[in-house]
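As they're listed, the protein sequences go chains D and A.
Numbering that gives the first Met the number 0 applies: residue 0 is where the first sequence begins, and numbers increase by one.
Numbering that gives the first Met the number 0 applies: residue 0 is where the second sequence begins, and numbers increase by one.
Remarks on the structure that follows.
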Amino acid sequence: MRAKVHVFLKPGVLDVQGKAVEAALHGLGWGHVEGVRVGKTIEFDLKGKDAAETESEVKDMCEKLLANTVIESYRVEVA
Amino acid sequence: MKAAVIVFPGSNCDRDCKVAIERSTGATVDMVWHGDTALPHGIDLIVLPGGFSYGDYLRCGAMAALSPIMNEVKLAAERGVATVGICNGFQVLCEAGMLPGALLRNEALKYVCKPVDLEVTNAQTRFTAGYAGRREVTMTVGNGEGNFFADADTLARIEGEGQVVFRYLDNPNGSTNAIAGVVNARGNVLGLMPHPDRAFEAELGSADGAILFQSALASA
């Protein structure tokens with residue numbers, strides 16, 4: 000199975016990269032852009048019986064390593 | 000007196016820490032590789048140095064927090080051994096769950112490297128006892144991700160319990176409540192972004208950092 004993990008700073012946690020990118024987009028003429036957040040995607044293959052079990056396993060990986068839940072939230076896709 | 004400096008791949012202040020501890024306290028300092036599975040016997044102080052462990056991959060300190068030696072560091076801290084994380088070492092201790100909060104990218108997106116004046120907000124800890132009677136000390140910061148963050152509940156708790164031990168007088172990186180250093184609830188684990196290892200002799204601009212190492216070892 001293929002897992003995709005999306006990690007972003009939680010809402011309310013200052014995302015300075017997002018702010019800088021937003022300012023740059025404004026500078027290029029896209030003044031109507033707002034709420035830019037910069038995150039990361041982590042993809043990998045793993046053996047798993049079914050999507051639900053694999054998703055739960057990947058969430059465990061997020062809690063232990065892939066995200067720092069003090070500041071980040073994550074979303075898991077398994078296919 | 001005996002101290003251990005943990006060396007991760009990408010640590011770059013490990014030698015500085017060794018020299019700083021030796022010269023300011025006379026203690027013997029062992030360098031301990033991150034892949035080791037045991038600390039030397041009879042350690043009174045553990046220091047996690049600054050640098051860019053594992054190239055800051057994933058998050059600053061995230062990979063180092065899972066190094067084999069960190070299991071031993073956690074066990075030693077649970078036994079009450081004084082443990083200090085400086086800069087990247089602070090990030091490692093937060094990632095390892097040994098200290099509250101996390102370090103975010105600096106508010107101005109800049110790497111900040113300069114001397115900073117700090118308020119000693121709690122001189123009752125084993126790391127800061129030597130600063131008693133002194134409100135201000137000077138050390139040097141060098142960080143790109145030194146912006147301390149904790150959620151509102153955690154912040155209220157650590158402020159209320161006296162766990163905030165250093166505060167910037169002129170916040171260089173956007174840290175919440177200008178927090179520069181915190182201790183754990185028990186008071187034997189300290190993390191700080193400023194470098195006492197870059198401020199241990201007057202020739203370096205300040206000798207205030209020496210007092211931190213002296214206090215930590217005097218309390219052992």
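Positions of the beta carbon are idealized from the N, C-alpha and C atoms, including for glycine.
- Among the residues facing chain D, Gly100(A) is included, as its CB has a counterpart in that chain under 8 Å away.
- Pairing Thr27(A) with Asn187(A), the inter-Cα distance amounts to about 20 Å.
- If you look at Ser55(D), you'll find it in the alpha helix (DSSP H) that goes Ala50 to Met60.
- Residue contact with chain A for Ala50(D): absent (no Cβ-Cβ distance below 8 Å to any residue of chain A).
- As computed with DSSP, Val28(A) is found in a beta bridge with Ala2(A).
- In the DSSP secondary-structure assignment, Cys112(A) is bridged to Gly141(A).
- Our two residues, Gly49(A) and Ala3(A), have alpha carbons roughly 14 Å apart in a direct line.
- Glu144(A) is outside the set of residues whose beta carbon lies under 8 Å from a beta carbon in chain D.
- When C-beta distances to chain D are compared with 7 Å, every residue of the segment 28-47 of chain A stays at or above that value.
- The beta carbon of Leu64(D) falls within 8 Å of a beta carbon belonging to chain A, placing the residue at that interface.
- If you compare the alpha carbons of Cys93(A), Pro114(A), Ile42(A) and Ala122(A) with that of Thr153(A), the shortest gap goes to Cys93(A).
- Rounded to whole angstroms, the gap between the alpha carbons of Cys16(A) and Pro195(A) is 8 Å.
- Neighbours of Ala19(D) in chain A, taken as residues at a C-beta separation under 9 Å, are given in chain order as Leu108.
- Looking at the DSSP output, Asp15(A) bridges to nothing.
- Within its own chain, the residues whose Cβ lies closer than 8 Å to the Cβ of Gly25(A), once the five positions on either side in sequence are excluded, are Met0, listed in chain order.
- When CB distances to chain D are screened at a threshold of 8 Å, the residues of the segment 53-79 of chain A falling below it are Leu57, Arg58, Ala61 and Leu65, in chain order.
- By the C-beta criterion, the segment 100-117 of chain A is judged to be in contact with the segment 127-138 of chain A, since at least 3 inter-stretch pairs fall below 8 Å.
- Residue pairing for Ser174(A): DSSP places it in no beta bridge.
- Here Phe212(A) is buried. Its C-beta has 16 or more other C-beta atoms within 10 Å.
- Against chain D, the CB of Glu158(A) has no partner CB under 8 Å away; the residue lies outside that interface.
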